[in-house]
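Line order of the protein sequences matches chains B and G. With the working numbering applied, the first sequence covers 42 to 145. With the working numbering applied, the second sequence covers 6 to 375. First up is the structure itself, then whatever we jot down about it.
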Amino acid sequence: MASVSASDVKQIVVACEAGMGSSVMVARQLAKQLKSEGITVVHAPVNQLAETPHEIVLVHRGLSARAKQAVPDSVVIIFDMFLGDLNIAKLVGALQNGDTISDG
Amino acid sequence: MSDFIPSGADGQGGWRAGLQKLGGNLAGMVIPNIGAFIAWGLLTALFIPTGWLPNENFSSMVGPMILNLLPILIGYTGGRIVHGQRGAVIGSVATVGVIVGTDIPMFLGAMIIGPLMAWILKYIDKVLDPITPPGFEMLIGNFSLGIAGMLGAMLGYLGIGPIVSAITNVLGGGVSWLVDNSLLPVASVLIEPAKILFMNNAINHGVLGPLGVVQAEETGQSILFMLETNPGPGLGILLAFWLAGPKLLRGSAPGAIIIHFLGGIHEIYFPYVLLKPQVVLGAIVGGAVGVATFMVTGVGLVATPSPGSIFAYLAVTPPGNHLGVLLGIVLSAAASFVVSWFILKLSKVDSSEAEFDAAKQRSKEMKAGK
């Protein structure tokens with residue numbers, strides 16, 4: 042079970058299949074929320090996760106198996122909804138509170 | 006019903022991840038180049054003899070773009086994915102062999118030979134790198150790529166071009182058979198559920214798009230571009246969730262409608278369906294109604310509308326086809342709305358509150374546990 046401390050998180054990558062559609066949308070929303078924490082949020086195709094520097098991977102449940110295959114040692118956060126997802130909200134909270142974040 | 010939702014890493018390994026990966030790779034060669042497709046699509050819609058502003062000079066770009074530029078871009082991108090810039094270069098070189106070996110747009114051929122030659126070059130580099138004397142890196146690097154590229158282009162011309170064009174003919178024949186026998190709407194039974202499982206790009210850019218381009222080159226338009234990209238079924242589903250869905254999901258539906266229908270990001274409605282899997286029936290019926298309408302009115306598009314937004318649709322609709330295209334989208338949205346609405350209403354009666362408490366509980370456990 043991979044985990045990372047909030048203070049070590051510099052970059053989060055949101056993955057989708059092409060890395061150009063839904064991941065861009067989620068990344069932009071998240072970037073706004075995390076701007077004050079000094080964390081950058083980028084987006085990438087799921088098969089190029091390994092080449093994208095990150096501390097946390099954010100991916101929809103439907104692509105989570107491939108994300109885990111691509112970066113088995115990274116913290117992978119899985120979300121269900123592209124708008125108003127609970128897991129994403131919880132991630133933002135954990136980052137703001139300085140908690141430890143692990144897979145989920 | 007929660008079994009339908011792939012539960013994290015263990016629930017969806019195996020064939021689905023594999024299929025997604027294959028399709029994702031195909032789509033990954035096309036999607037970065039969509040801008041070029043749009044330039045070509047707009048040129049086609051505007052300047053061909055049956056277009057809005059027929060112009061012989063400008064329309065002379067249409068052929069070279071679809072036959073040469075777009076396949077080379079695909080071969081380039083496919084090569085780049087496998088082996089960086091050197092892979093991209095050899096993929097482009099080899100794609101030319103595939104292109105001139107046939108007279109149809111060689112998208113599928115480019116998708117094969119681009120990555121294949123990049124992969125071969127990767128191994129050539131692996132062998133040559135350790136034994137290259139200092140100072141000879143550039144000489145050996147350039148000539149190993151040059152020679153392998155030449156051989157790759159010859160392989161493409163002699164082998165891959167003819168094979169792929171035979172395969173394309175068979176697949177194209179299959180599609181015409183479906184159209185002739187009015188069976189094309191049945192395709193929605195496969196397409197819509199596969200979309201929900203995030204195979205949307207694989208289906209559209211990996212399979213339907215390349216076939217559609219062959220058809221569009223011959224007849225000026227193709228219905229195949231519309232099978233997966235129709236935003237109507239998703240619109241109907243989101244409307245149904247807005248009006249009759251679980252309270253938890255209603256609030257986000259209007260925003261999702263805008264992102265889906267205007268922005269063209271279809272992924273946004275997949276999670277709604279995954280949470281109420283029976284609603285996929287609405288997508289299937291809506292999709293089939295849309296395809297049937299497109300078929301009956303005899304409409305098609307000149308290029309892949311990507312992303313599948315209503316604006317992209319209107320941009321690649323050839324003159325005279327707007328009524329049929331819009332009718333198909335509206336009817337498919339209406340059909341999918343009605344079916345989804347009934348499913349949501351019915352499922353509410355027996356299970357709503359308890360189920361949502363359970364779902365909330367599950368997501369809480371997921372959050373707390375892992």
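All C-beta atoms, glycine included, are put in the ideal place defined by N, C-alpha and C. On a predicted model such as this, the values are computed, not experimentally measured, just so you know.
Going along chain B, which residues have a C-beta under 8 Å from residue i?
i: Ala32/G; result: Glu58 and Ala59
i: Leu202/G; result: Gly103
i: Glu272/G; result: Cys57, Gly62, Ser63, His101 and Phe123
i: Ser352/G; result: Residues of chain B passing the Cβ test: none, with the nearest at roughly 18 Å.
i: Ala261/G; result: Phe123 and Leu124
Just verifying my parser: in three-state terms, what is the DSSP assignment at residue i?
i: Ile118/B; result: strand
i: Ala308/G; result: coil
i: His101/B; result: strand
i: Thr93/B; result: coil
i: Ser143/B; result: strand
i: Ala85/B; result: strand
i: Ile149/B; result: In the structure as shown, chain B starts at 42 and stops at 145, and residue 149/B therefore has no counterpart that could be examined.
i: Ser227/G; result: strand
i: Ser314/G; result: coil
i: Asn138/B; result: helix
i: Val67/B; result: helix
i: Ser97/G; result: helix
i: Ser64/G; result: helix
i: Val112/B; result: coil
i: Lys131/B; result: helix
Please compile the residues from chain G whose C-beta is within a distance smaller than 7 Å of the C-beta of residue i.
i: Ser44/B; result: Per Cβ cutoff of 7 Å: no residues; Ser44/B is ~10 Å from chain G at best.
Cutting at 7 Å between CB atoms, please list the residues of its own chain near residue i, excluding the five before and the five after it.
i: Leu133/G; result: Ile145 and Ser149
i: Ala199/G; result: Ile208
i: Ile125/G; result: Ala153
i: Val180/G; result: Leu216 and Leu229
i: Asn205/G; result: Glu233 and His271
Kindly list, in the order they appear in chain G, the residues whose Cβ is closer than 9 Å to that of residue i.
i: Gln138/B; result: Per the sequence shown, the amino acid found at residue 138/B is Asn instead of Gln. The contacting residues do not exist; Asn138/B stays about 14 Å from chain G at best.
Excluding sequence positions up to five away, which residues of its chain have a Cβ less than 8 Å from the Cβ of residue i?
i: His265/G; result: Pro236, Gly239, Leu240, Leu243, His271, Ile273 and Tyr274
i: Leu183/G; result: Leu189, Val191 and Ala192
i: Gly56/G; result: Thr49, Ala50, Ser64, Pro323 and Pro324
i: Pro76/G; result: Thr100, Val103, Ile104, Pro110, Met111, Phe112, Gly114 and Ala115
i: Trp247/G; result: Arg255, Ala258, Pro259 and Ile262
i: Ile201/G; result: Phe275, Val278, Leu279, Val285 and Ala288
i: Ile142/B; result: Ser44, Val45, Ser46, Ala47, Val50, Ile97, Val116, Ile118, Leu132, Ala135 and Leu136
i: Leu267/G; result: Ser314, Ile315 and Phe316
Quick check on residue i: buried or exposed, where buried means 16 or more other Cβ atoms within 10 Å of its Cβ?
i: Gly134/B; result: exposed
i: Val175/G; result: exposed
i: Thr1/G; result: Not covered by the structure: residue 1/G. The range shown for chain G is 6 to 375.
i: Pro110/G; result: buried
i: Pro310/G; result: buried
i: Gly194/G; result: According to the sequence displayed, residue 194/G carries Val and not Gly. It is exposed - the Cβ of Val194/G has fewer than 16 other Cβ atoms within 10 Å.
i: Arg69/B; result: exposed
i: Asp126/B; result: buried
i: Ile172/G; result: exposed
i: Ala340/G; result: buried
i: Leu213/G; result: buried
i: Asp121/B; result: buried
i: Lys252/G; result: exposed
Taking Cβ-Cβ distances shorter than 9 Å, what residues in chain B pair up with residue i?
i: Lys26/G; result: Val87, Asn88, Arg107 and Gln110
i: Ser257/G; result: Met122, Phe123, Leu124 and Gly125
i: Gly29/G; result: Glu58, Ala59, Pro86, Val87, Asn88, Leu104 and Arg107
Quick one: list the residues of chain B neighbouring residue i, beta-carbon separation under 7 Å, in chain order.
i: Ile36/G; result: Ala59 and Met61
i: Ile79/G; result: Residues of chain B passing the Cβ test: none, with the nearest at roughly 14 Å.
i: Asn206/G; result: Glu58 and Ala59
With a CB to CB cut of under 6 Å and the five nearest residues on each side skipped, what residues in its chain are close to residue i?
i: Gly329/G; result: Thr302 and Val304
i: Cys57/B; result: Ser63 and Ser64
Residue ranges of each beta strand (DSSP E) within the region 130–161 of chain G, 3 or longer: Counting whole runs of 3 or more residues, the region 130–161 of chain G contains no beta strand (DSSP E) stretch at all.
Whole runs of the alpha helix (DSSP H) within the region 172–239 of chain G, excluding any shorter than 4 residues: Runs found: 192–199, 214–224 and 231–234.
Considering only residues of the region 245–328 of chain G, which uninterrupted alpha helix (DSSP H) runs meet the minimum length of 4 residues and lie entirely inside it, listed in chain order? 252–255, 258–262, 275–280, 285–301 and 315–320
Which runs of the alpha helix (DSSP H) fall wholly inside the region 32–82 of chain G and span at least 4 residues, in chain order? 39–52 and 61–64
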